[in-house]
Amino acid sequence: MTVMCEGKDQPEFGVDVSPCSPRGEEIMRMRQELEAARRSIAEKDEKMCRMSRIQDSVDAEVQELTEKLFQVR
Numbered sequence: 001m002t003v004m005c006e007g008k009d010q011p012e013f014g015v016d017v018s019p020c021s022p023r024g025e026e027i028m029r030m031r032q033e034l035e036a037a038r039r040s041i042a043e044k045d046e047k048m049c050r051m052s053r054i055q056d057s058v059d060a061e062v063q064e065l066t067e068k069l070f071q072v073r
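Residue numbers for the sequence shown follow full-length UniProt numbering, so the first one is 1 and each next one is one higher.
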């Protein structure tokens with residue numbers, strides 16, 4: 001029985017990364033996990049930037065309101 005595999009056979013550091021080999025399957029799985037982690041980090045970084053802008057805006061508004069509250073009339 002012959003098993004046909006689709007995918008790229010890219011030797012990397014002398015390691016068979018064919019999806020049909022046990023090491024290749026593990027490497028492919030690890031690459032997928034790495035890519036998922038990179039996407040997650042990028043999403044969290046974007047969210048952190050949005051939250052930081054919101055915080056800056058709120059801080060500026062609080063500062064302005066505090067100044068108005070303590071203005072001498």
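We put the CB at the ideal spot given by N, CA and C, even for glycine.
For cysteine 49, name the three-state secondary structure that DSSP assigns.
Secondary structure of cysteine 49 (DSSP, three-state): helix.
According to DSSP, is valine 72 part of a helix, a strand, or is it coil?
coil
Span separating the alpha-carbon of glutamine 32 from that of valine 62:
45 Å
Tell me the DSSP secondary structure of serine 40 in three-state form.
helix
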